[in-house]
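J.: Before we start, here is the structure in question, set down as structure tokens.
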Amino acid sequence: MTTRKQPFTEDTIRAYIGAESFRRGEHYFRDGMIFNARRAGTTLQAQCHGSDGNIYRVRATIEEGTIADTDCSCPVGGHCKHIAALLLTWLNQPDDFRAIEETDTALEHRSKEELIALIKQMLLRAPDLESLLELPLPTGKKSKQKINPETYRRQVAAAFGGSDFEYGAAESIADELSATVKIANDFLAQGDIDNAATIYEAVANGVVENYEEVDDESGALGGVAQDCIEGLGKCLEGDAERDNAELRERILRALFEVYRFDVDFGGVGLSDGVPDLILKQADDAEKKQVAKWVRAAMKTSRRAGNEYSDNWHRQAYGGFLLRLEANTLDDEAYLGLCREAHRLNDLVTRLLTLKRVDEARAEAARAGDYELLGLADIFAQHKQAEVAEQLMTERAKTTKDTRIFEWLAKRSKQKHNYADALLWARKINDAHPSLEQYREIRKLATQVGTWADVRAELLADFERRKYFDLLTQIHLDEEHIDAALKTVEKTQGGFPHFSPDLRLQVAQAAEETRPRDALRIYLQAAEQIIEPRNRGAYSEACKYLVRVRTLYQKLGEDEMWAQYLTKLKEETKAMRAFKEEMARAKL
């Protein structure tokens, strides 16, 4: 990075940081908030004064004009105004950055005595780092010495123990844990799988044990868990430990414990990828062992007791079991597990595959409305659409779920049975009337040849139910302006508390054929804004007044407009904001 590449511009920074943080970072740059700026190879480092009086450490790596990595000790942690200020300083004032040796090079030049003295100085400034002295660390060569798991467990506990669990705590905890995960990565890189797995396990267990106490809205702790899962997966891939059954079982158990916590916690995504990883890396004997753990978890789910929660856990564990034992279960065992785990989709799919249609139908009939919708598609995929239709038709007799009616309406149209489609469309309309549904009914009834009668019934029903807003929309859709003018006056609450946009739509539609009615609505709309002095809507009021002026001119009543405007100006002479809006509108 001896010279800056041409592609590195303010646009590069803005695209990486975000427009708002970039804008704030510009102020920080101009105010000289960046100090102690250094450059080591491709990495920029500095400190930045914060608006709250804190000083933040900022770091960015730039490679070939691209921002490769950033980090800031502020809660945002990388895509922040402090990083923007750092990068803008480098872009505009590169000479402010003092060239220093990269860390590895600088340390290699020190003698043992100097390194000891340096470490002592660091501990004086950051006493919390003293705990690192007891950590076995990777040196680049595989070690025959196994690390003590308790050493790293204490490190993980300290990361959580040093936090007050307030908002933003997850990020600072995750930073400390990520540093520990980095040690595991280095052990793995030097082929020391056992020690790497020990550290990954310690961190993953720490996240699981403390997750409920921390607000991880940002997903920072979840990210650490995923890093551990990825690392443990790589440990399983290692050929060097392929015959180490004890180590492999320990790794699989660590992965499973993250998965079990996630399922019992409600499935927040903490263990995403664990089932696939185990299925890919475990041999048959190991899958059998994992299956035992899953079965035990199904029986001891800590949230059992709540029917919905219990079903969800059974389904989650059951789905994993079906995959683990896919090659060992016979049909009856598979069906039994589906029933035990409430895996209805899997159960019906297997029954249909076995041509046991009556059993599949009986199982589906016991499903809830939402489940039945998915099952209907499964029946259709197995060329049993008629059975699905029978199930849905029977359910329609007792349910209020309009999705059932929608499925039946779609099915009827596919069969070109527009009379039945109309029946279901009207049932949907009975529950949720809307202009869109009215149009659908109109289309179907026209095809059947009953639109005139159906229309009369619908309008009478809407009138009886006082759906005057919907009636107005319908009249506008059918260009019945006089009818729309009548029903819009009956909309609940009166302007502007209900359907103000609808009234203005009516006014706009009435301008050509009923200009005086349009004029009246526009005036009413403007006055409803002006009288209560709704300053935020004065510009809207002036737009309506412009329409009023146009209509008066169209009617040849310029004098009446002039009189109205004079009176309005007199009544609002003390309303400076409104007068300014009128001037802008040239009124």
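Residue 834 in my numbering is what sits at position 372 of the sequence shown, and the numbering runs on without skipping anything.
Heads up, the beta-carbon is just placed ideally off N, CA and C, and yes, glycines get one too.
Being a predicted model, the structure only gives us computed values, none of them experimental.
(1) By DSSP, does Val-520 sit in helix, in strand, or in coil?
(2) I want to know whether the stretch 991 to 1005 touches the stretch 1040 to 1047 - three or more CB-CB distances under 8 Å.
(3) Closest to Ile-983 by CA distance: which of Ala-999, Leu-1013, Ile-635 and Asp-648 is it?
(4) Please specify which runs of the alpha helix (DSSP H), each continuous and at least 4 residues long, are wholly inside the stretch 983 to 1020, giving them in chain order.
(5) Using three-state DSSP, classify Ile-691 as helix, strand or coil.
(6) Using a threshold of 7 Å, is the CB atom of Leu-947 nearer than that to any non-hydrogen atom of the ligand NAP?
(7) Beta-carbon within less than 8 Å of Glu-674's beta-carbon, same chain only, minus the 5 sequence neighbours each way: which residues are those?
(8) Report the residue ranges of all alpha helix (DSSP H) runs contained in full by the stretch 503 to 587; include only those spanning at least 4 residues, in chain order.
(9) Given this structure, state the Cα-to-Cα distance separating Pro-556 from Ala-499, to the nearest angstrom.
(10) Tell whether a beta-carbon distance below 8 Å holds between Leu-683 and Ala-636.
(11) May I ask you to list the residues that DSSP assigns as paired with Arg-785?
(12) Report the residue from Gly-1018, Leu-1017, Arg-1011 and Ala-1039 whose alpha carbon sits nearest the alpha carbon of Thr-1028.
(13) Using C-beta distances below 8 Å, list every residue in its chain close to Asn-667, excluding the 5 sequence neighbours before and after it, in chain order.
(14) Once DSSP output is grouped into helix, strand and coil, what is the label at Ile-803?
(15) Can you check whether the CB of Leu-791 is closer than 8 Å to the CB of Ala-744?
(16) Is the separation between the beta-carbon of Asp-882 and that of Ser-874 shorter than 8 Å?
(17) Check whether the stretch 502 to 512 and the stretch 561 to 570 are in contact - that is, three or more C-beta pairs closer than 8 Å.
(18) Under three-state DSSP, which class holds Arg-500?
(19) Less than 6 Å between C-beta atoms, sequence neighbours within five positions excluded: which residues of the same chain meet that for Leu-1067?
(20) Is it the case that the Cβ atoms of Leu-837 and Ala-826 are separated by a distance below 8 Å?
(21) Distance, Cα to Cα, Thr-464 vs Ala-707?
(22) Excluding the five sequence neighbours on either side, which residues of its own chain have a C-beta within less than 7 Å of the C-beta of Gln-846, listed in chain order?
(23) Please name the residue, chosen from Glu-575, Phe-723, Phe-649 and Lys-749, that lies closest to Leu-599 on a Cα-to-Cα basis.
(24) Out of Gly-630, Cys-697, Gly-653 and Asp-678, state which residue places its alpha-carbon closest to the alpha-carbon of Tyr-662.
(25) Is DSSP giving Tyr-832 helix, strand or coil here?
(26) Using a Cβ-Cβ cutoff of less than 6 Å, which residues in the same chain neighbour Ala-646 once the five nearest sequence positions on both sides are dropped?
T.: Reading off the structure:
(1) Reduced to three states, the DSSP call for Val-520 is strand.
(2) yes
(3) Leu-1013
(4) 1000 to 1016
(5) helix
(6) No copy of the ligand NAP appears in this structure; indeed no ligand is present at all.
(7) Counting only Cβ-Cβ distances below 8 Å, and skipping sequence neighbours, we find Phe-727.
(8) Within the stretch 503 to 587, the alpha helix (DSSP H) runs of at least 4 residues that lie entirely inside it are, in chain order, 543 to 554, 565 to 570 and 574 to 587.
(9) Their backbone Cα atoms lie some 9 Å apart in a straight line.
(10) Contact flag set, yes.
(11) Partner(s): none; Arg-785 has no beta bridge.
(12) Nearest C-alpha to Thr-1028: Arg-1011.
(13) Arg-615, Val-618, Ala-716 and Glu-719
(14) Looking at the sequence shown, residue 803 is not Ile but Ala. The answer is coil: DSSP assigns Ala-803 none of H, G, I, E or B.
(15) no
(16) The Cβ atoms of Asp-882 and Ser-874 lie closer than 8 Å to each other.
(17) Three or more Cβ pairs closer than 8 Å define a contact, and the stretch 502 to 512 meets that threshold against the stretch 561 to 570.
(18) strand
(19) An answer regarding residue 1067 cannot be provided, because it is not within the stretch 463 to 1049 covered by the chain.
(20) The answer is yes: Cβ separation under 8 Å.
(21) Caution applies to Thr-464, whose pLDDT of 46 falls short of 50 and renders its modelled position unreliable; the model cannot decide the point.
(22) Leu-814 and Val-819
(23) Phe-649
(24) Cys-697
(25) helix
(26) Ala-658, Ile-661, Tyr-662 and Gly-693
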